[in-house]
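First the structure, in the form of structure tokens, and then the observations on it.
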Amino acid sequence: MRTNLEKEKNRFSGAVINEMRIKLPSLSVNESVARSVVAAFCAQLDPSACEVADIKCAVSEAVTNCIVHAYKDSVGIIYITVKLCEGRTVRVEIRDRGRGIENVRLARQPLYTTDAENERSGMGFTVMESFCDRVRVNSQCKKGTTVTLYKLLKNRE
Ligand SMILES: Nc1ncnc2c1ncn2[C@@H]1O[C@H](COP(=O)(O)OP(=O)(O)O)[C@@H](O)[C@H]1O
Ligand SMILES: [Mg+2]
Numbered sequence: 000m001r002t003n004l005e006k007e008k009n010r011f012s013g014a015v016i017n018e019m020r021i022k023l024p025s026l027s028v029n030e031s032v033a034r035s036v037v038a039a040f041c042a043q044l045d046p047s048a049c050e051v052a053d054i055k056c057a058v059s060e061a062v063t064n065c066i067v068h069a070y071k072d073s074v075g076i077i078y079i080t081v082k083l084c085e086g087r088t089v090r091v092e093i094r095d096r097g098r099g100i101e102n103v104r105l106a107r108q109p110l111y112t113t114d115a116e117n118e119r120s121g122m123g124f125t126v127m128e129s130f131c132d133r134v135r136v137n138s139q140c141k142k143g144t145t146v147t148l149y150k151l152l153k154n155r156e
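FYI, numbering that gives the first Met the number 0 numbers position 81 of the sequence shown as 80, with every residue one higher than the one before it.
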């Protein structure tokens with residue numbers, strides 16, 4: 000018999016049922032575009048209002064990081080892939096080809112920011128983690144960063 004933990008783990012690697020890819024220039028106006036488009040695509044799974052708000056918030060933090068950190072003094076492309084997977088799992092990948100993160104473990108600490116002069120809170124990754132079921136971060140200096148958000152949607156009655 001499979002344990003609940005195993006079942007939960009498998010939900011992170013379920014087969015893809017539907018997929019959307021978009022790319023947007025790193026203009027601040029595109030932060031709200033990104034979160035609205037991702038939410039619209041996820042709507043086919045009939046998520047609760049709360050789950051939609053969680054996804055939008057996490058996407059917003061990840062995309063903002065591309066705009067303000069990855070492409071700090073330039074405009075670059077933000078690549079977003081949304082995968083709806085078996086087991087009601089939403090996987091959102093937000094990728095940039097910007098400056099990268101030197102120390103991901105440190106960057107994920109609450110209140111850590113390299114941009115205190117612009118009054119950043121250093122809470123972006125913490126917000127993503129608290130609104131999602133898993134957050135993966137891969138980064139290489141001067142090559143870019145990929146943040147993958149996993150949200151496990153509850154079964155609807
Ligand atoms: N896409 C990214 N590219 C480069 N650096 C990033 C990226 N995302 C996050 N970072 C780094 O991680 C730090 C922490 O991010 P975050 O928790 O969102 O806090 P904040 O954005 O308020 O600084 C940032 O200050 C920045 O140094
Ligand atoms: Mg941030």
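Ideal Cβ placement from N, Cα and C applies to all residues, glycine included. Computed from a predicted structure; not experimentally measured.
Return yes when at least one heavy atom of ligand 1 lies under 7 Å from the C-beta of residue i, else no.
i, result
"R155", "no"
"G75", "no"
"S120", "yes"
"C65", "yes"
"I100", "yes"
"F130", "no"
With residue i as the anchor, note down where its beta strand (DSSP E) starts and where it stops.
i, result
"S31", "Segment V28 to C41 is the alpha helix (DSSP H) holding S31; no beta strand (DSSP E) there."
"C84", "I76 to C84"
"N17", "V15 to P24"
Starting from the C-beta of residue i, find all residues in its chain whose C-beta is less than 6 Å away, skip the five residues before and the five after it, and write them out in chain order.
i, result
"E50", "L152"
"A106", "I100"
"V15", "K82 and C84"
"R34", "K55, V58 and S59"
"V146", "A61, I93 and V136"
"M19", "F40 and V81"
Note the first and the last residue of the continuous alpha helix (DSSP H) segment covering residue i.
i, result
"K55", "A48 to N64"
Go through its chain and collect everything with a Cβ distance to residue i's Cβ below 7 Å, but skip five positions before and after it.
i, result
"R155", "D45"
I believe residue i touches residue j by the beta-carbon criterion, under 8 Å. Please report the beta-carbon distance rounded to the nearest angstrom.
i, j, result
"Y78", "R98", "16 Å between Cβ atoms; not a contact."
"L112", "R119", "A quick correction: the sequence has Thr, not Leu, at residue 112. 4 Å between Cβ atoms; contact."
Quick one: grab the DSSP three-state call for residue i.
i, result
"R133", "strand"
"E92", "strand"
"E101", "coil"
"T125", "helix"
"L4", "helix"
"L44", "helix"
Please go through the same chain and pick out, in chain order, the residues whose beta-carbon is closer than 8 Å to the beta-carbon of residue i, but skip the five residues on each side of it.
i, result
"V28", "none"
"E30", "S59, V62, T63 and I66"
"K22", "I76, I77, Y78 and I79"
"V157", "It is not possible to answer for residue 157, since the shown part of the chain is limited to 0 through 156."
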